Amino acid sequence: MNVPVIDIHPHIISDDQQRYPHAPIFGERSEWSRHQSLTIEQLIEAMDEAGVRKAAVVQPSTCYGYDNSYVADATAHHSDRFTGVGAIDMAAPDAEEKIRYWVGRNLSGVRLFTGGGSTKSFDNNALDDPASFPAWALCTELGLPVCIQTVPSGHAQVAGMAKRFSGVNIILDHLGRPDVQDGPPYNGARSLFALSAFENIYLKLTPRGVREARKAPASCETFFPKLVSVFGANRIAWGSNHPATAGVLKENLYDMKIALSSLTDSDRDAIFSTTAQKLYPSLRD
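Each residue of the sequence shown is one higher than the one before, starting from 1 at the first, in full-length UniProt numbering.
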């Protein structure tokens, strides 16, 4: 691989709870965040071991909620390697003020968390709430990508927002959690494939996608080439989900490379590097 490896979905949790108090978004911490912690220094150590050059650190919403202070402080202190993606209540009256505030503190992306993380079922109404439209318009103005955590039942709303705010790059966490267990031609993932019609929709490929693709009759060798043929590798980027995904980051990355071994070198370069650089220009060398 002749490109720097970039991770667009690690999380960090401080060991200083007094300075960075826990305030999970739905009032309950996720299972993984109760048992895993990862400071920015530990993430740097893990990245160095794995050969990961840079990262867009994503707010662990089920630990800190909308208080992005640790992600902001940590990434600003290491701005040569990191940028931050902060959780925002897009429908809140002060959403625009909050977005400008966090952008001023080294965040260059927004996360819209509608559920999951073992704490709450998904609420698709949050995806296209008219009260959120001013915040989306500001993301267009500032060039901020919006990461969305949702499920297939929310794909129609995602499509509507992609059309309404065509100037915003939307990134679906965990590929939008498609159902791929039926195997080729993957009719169960039709709602995901339909989103490829919107050029501003991107996919975040995490270990969850690999785990689902390995459940027969699905396979990595059939699903990922199909995904690339529909979306193009230039709209797919790797995210480790470390440390929410158990294990060592180095092994996480290695396993993803094995899962994508049926793709071309140029496609893998896009997924592991160049798509991330397009979405987060500050991560370019």
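In this text, a Cβ means the ideal position worked out from N, Cα and C, and glycines have one as well.
Nothing here was measured: the structure is a model prediction, and the numbers come from that model.
Check, Outcome
"Exposed unless 16 or more other CB atoms sit within 10 angstroms - verdict on Q149", "buried"
"Stretch pair the stretch 155–167 + the stretch 128–137: three plus CB contacts closer than 8 Å", "yes"
"Backbone CA spacing between A23 and D265 [nearest angstrom]", "42 Å"
"Unbroken alpha helix (DSSP H) run spanning T140, endpoints", "F133 to L142"
"Separation of V110 from residue 320, as counted between CA atoms", "Since the first and last residues shown for the chain are 1 and 285, residue 320 lies out of range."
"Through-space distance from S61 to T119, alpha-carbon basis", "Only weak support is given to the placement of T119: the predicted model assigns it a pLDDT of 48, under 50, and the value that follows is read from those uncertain coordinates. The alpha-carbon atoms of T119 and S61 are separated by roughly 10 Å."
"With 16 other Cβ atoms within 10 Å as the buried cut-off, status of L142", "exposed"
"Three-state class that DSSP yields for K215 in the structure shown", "coil"
"Pair within 8 Å by beta-carbon distance, L107 and A159", "no"
"Straight-line Cα distance separating A95 from T245", "30 Å"
"Sequence-distant residues of its chain with Cβ nearer than 7 Å to D67 (five each side left out)", "A23"
"Counted within 10 angstroms of its Cβ, other Cβ atoms place D7 as buried (16 or more) or exposed", "buried"
"Under 8 Å between C-beta atoms of S262 and F231", "no"
"Under the three-state DSSP convention, the category R29 falls into", "coil"
"Length of the line joining the Cα atoms of L112 and I258", "30 Å"
"Straight-line Cα distance separating D80 from V5", "14 Å"
"Minimum C-alpha distance to L279 - residue among G183, L172 and D15", "L172"
"Secondary structure of V52, DSSP reduced to three states", "strand"
"Helix, strand or coil at F193 according to DSSP, with G and I counted as helix", "helix"
"Cβ contact (3+ pairs, closer than 8 Å) linking the stretch 198–218 and the stretch 170–186", "yes"
"Rounded separation between D15 and Q42 - CA only", "11 Å"
"Spatial distance of D255 from P281 (CA atoms)", "27 Å"
"Beta-carbon proximity check, G84 vs V52, cutoff 8 Å", "no"
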